[in-house]
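The structure appears right after this line, and notes come after that.
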Amino acid sequence: MKTKIFKSEDTESIRLCGELIQNGEIVAFPTETVYGLGASALNDEAVSKIFAVKNRPQDNPLIAHVDGTAMISMIASDIPPLAERLFEAFSPGPLTVILPAKDTLSGRVTAGGSTVAVRCPSHPLARALITAAGVPIVAPSANLSGKPSPTEFETTFEDLNGKVAAIIDGGSCSVGVESTVVLPENENTLRILRPGAVTPEMLKTVCPNVILDKNILSPIDGSAPVLSPGMKHRHYAPKAPLTILSGSKQDVLAFMNDKVSPTVGILCFEGDLDGDTVVCYGKEGDALSQSQGLFHALRQFDKMNITQIYARPPETTGVGLAVYNRLLRAAEFQILEV
Ligand code: TXA
Ligand code: MG
């Protein structure tokens, strides 16, 4: 398939991409979090194509993207008052809310469940595309399954050129990690299934009880039910195994200095260490720069001839929790005390 590349924000190219979506094609597009791989939420065949292109496990449901709250009634049967408060406070933006799904919504979107994940992105190109399509757009991150999510046009192109109808080039994503996914459990309780740039502290301003799902910081226990199937699958991983180093800054840097070599990669912060196999993801203590840099950094290691990566973890406050969650999963929860 010849993939069309749309470079600009002009209304004609967005209109054409909207038409492609209406015609059951899939289009990769930028959002403020990561690039998404979009199809009409109301077209079963188009939704199936997404799973095929990404090689995505069938049991992993998709997020439906809307251009405003009016569109939600096309996919969800109800917006409970807590969800309404959440959309009011954080939409458009990097927040996904799990709602009861409409009966008519395809089981391909919900993975056969009774709920649908809904998000209204703040990126102007994403919003314009949804409006042009006139339907909610389901979009997983635009990576091939298992790889780090693409946060710029180049990595999206690398994964999807020749496999999708079009890619919209919107430059780099401002957040860099995927949206916060929350499940309203009752009027006063919210469970965070995936941390993101809408932090637990922010969520507490609209909901008194905010619970962090246990799978955010620990691996899935095979026997317990998983609320967000995406957390079951190996994710965000570079080809070489990655180990997180735990200990004082001094001990971690000394360990890294000792290990760095042409076959050992180091993931750290700006100014920590120099070398051909050293990759930095943002600045120490600056969680937003880390979230912007993490996935790009992880992909750099796949261009090297390395057999092991050691990583310096971020602080886990604010957006740092999302960064640490992605790093933990890239490391398959391997942590080494130094
Ligand atoms: O920032 C984002 O959310 C990006 C951009 C493109 O919007 N999208 C994204 O989609 O990260 P994806 O498919 O890579 O991740 C969706 C996550 C998965 O962990 C999935 O299991 C969970 O959301 N999810 C989707 N629908 C769900 C549902 N009905 N109940 C529970 N979890 C759900
Ligand atoms: Mg993903």
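If you're matching positions, the sequence shown starts at -1 in the numbering used here and goes up one per residue. For each residue, glycine too, the CB sits at the ideal point set by N, CA and C. Bear in mind the structure is a predicted one, so any value in this text is a computation, not a measurement.
Chain-order list of residues whose beta-carbon lies under 6 Å from that of residue i (same chain, five-residue window excluded)
{"i": "P206", "result": "N186"}
{"i": "R327", "result": "H233 and Y234"}
{"i": "F331", "result": "P217"}
{"i": "K237", "result": "D300"}
{"i": "A29", "result": "Before going further, note that residue 29 is Thr rather than Ala in the sequence given. P119, H121 and A124."}
{"i": "D65", "result": "R125, I128 and T129"}
{"i": "P227", "result": "D57 and N58"}
{"i": "L334", "result": "T241 and L243"}
{"i": "G168", "result": "P28 and L123"}
{"i": "A115", "result": "I61, T94 and I96"}
{"i": "E23", "result": "A163"}
Presumed contact (8 Å Cβ cut-off) between residue i and residue j, rounded CB distance
{"i": "A295", "j": "V321", "result": "Going by Cβ atoms, the distance from A295 to V321 rounds to 11 Å, so no, they are not a contact pair."}
{"i": "S361", "j": "F293", "result": "Since the first and last residues shown for the chain are -1 and 336, residue 361 lies out of range."}
{"i": "A130", "j": "I12", "result": "5 Å"}
{"i": "T154", "j": "Y279", "result": "In fact, because the Cβ distance is near 19 Å, the residues do not count as touching under 8 Å."}
{"i": "N303", "j": "T261", "result": "7 Å"}
{"i": "N358", "j": "A109", "result": "Residue coverage of the chain in this structure runs from -1 to 336, which leaves residue 358 outside it and unanswerable."}
{"i": "P138", "j": "R54", "result": "6 Å"}
{"i": "I166", "j": "F4", "result": "5 Å"}
Contact set for residue i: own chain, Cβ-Cβ below 7 Å, skip 5 residues either direction
{"i": "S177", "result": "T31, P92, L93, T94, R117 and G194"}
{"i": "P90", "result": "C118, P119, S120 and R125"}
{"i": "D249", "result": "V336"}
{"i": "V276", "result": "V258, I264 and C266"}
{"i": "K202", "result": "V208"}
{"i": "K281", "result": "F267, E268 and S287"}
{"i": "S170", "result": "T149 and E150"}
{"i": "Q347", "result": "Nothing can be reported for residue 347, as the shown portion of the chain is limited to -1 through 336."}
{"i": "V196", "result": "F88, G91, P92, L93 and T178"}
{"i": "P98", "result": "A74, S75, D76, S112 and T113"}
{"i": "K100", "result": "I73, A74 and S75"}
Residue i, DSSP secondary structure in three states
{"i": "L225", "result": "coil"}
{"i": "A328", "result": "helix"}
{"i": "H294", "result": "helix"}
{"i": "G174", "result": "coil"}
{"i": "A309", "result": "strand"}
{"i": "I166", "result": "strand"}
{"i": "I3", "result": "strand"}
{"i": "C205", "result": "coil"}
{"i": "T154", "result": "helix"}
{"i": "A74", "result": "strand"}
{"i": "L271", "result": "coil"}
{"i": "S338", "result": "Since the first and last residues shown for the chain are -1 and 336, residue 338 lies out of range."}
{"i": "L93", "result": "strand"}
{"i": "L215", "result": "coil"}
{"i": "Q20", "result": "helix"}
Cβ shell of residue i (< 8 Å), same chain only, five flanking positions each side left out
{"i": "V136", "result": "G36, A37, S38, A39, V45, I48, L60, I61, A62, H63 and V107"}
{"i": "V175", "result": "T31, V32, S147, G194, A195, S289, L292, F293, V317, A320, V321 and R324"}
{"i": "A81", "result": "V95, L97 and P182"}
Residues that DSSP places opposite residue i in a beta bridge
{"i": "E335", "result": "S244"}
{"i": "H63", "result": "R117 and I135"}
{"i": "G36", "result": "V25"}
{"i": "N184", "result": "T187"}
{"i": "R192", "result": "V179"}
{"i": "V277", "result": "L265"}
{"i": "S259", "result": "V262"}
{"i": "A210", "result": "For clarity, residue 210 is Leu in the given sequence; the question names Ala instead. L210 pairs with I190."}
Threshold first: 4 residues or longer. Then list the alpha helix (DSSP H) segments lying entirely within the stretch 97 to 146, N to C. 105 to 108 and 122 to 131
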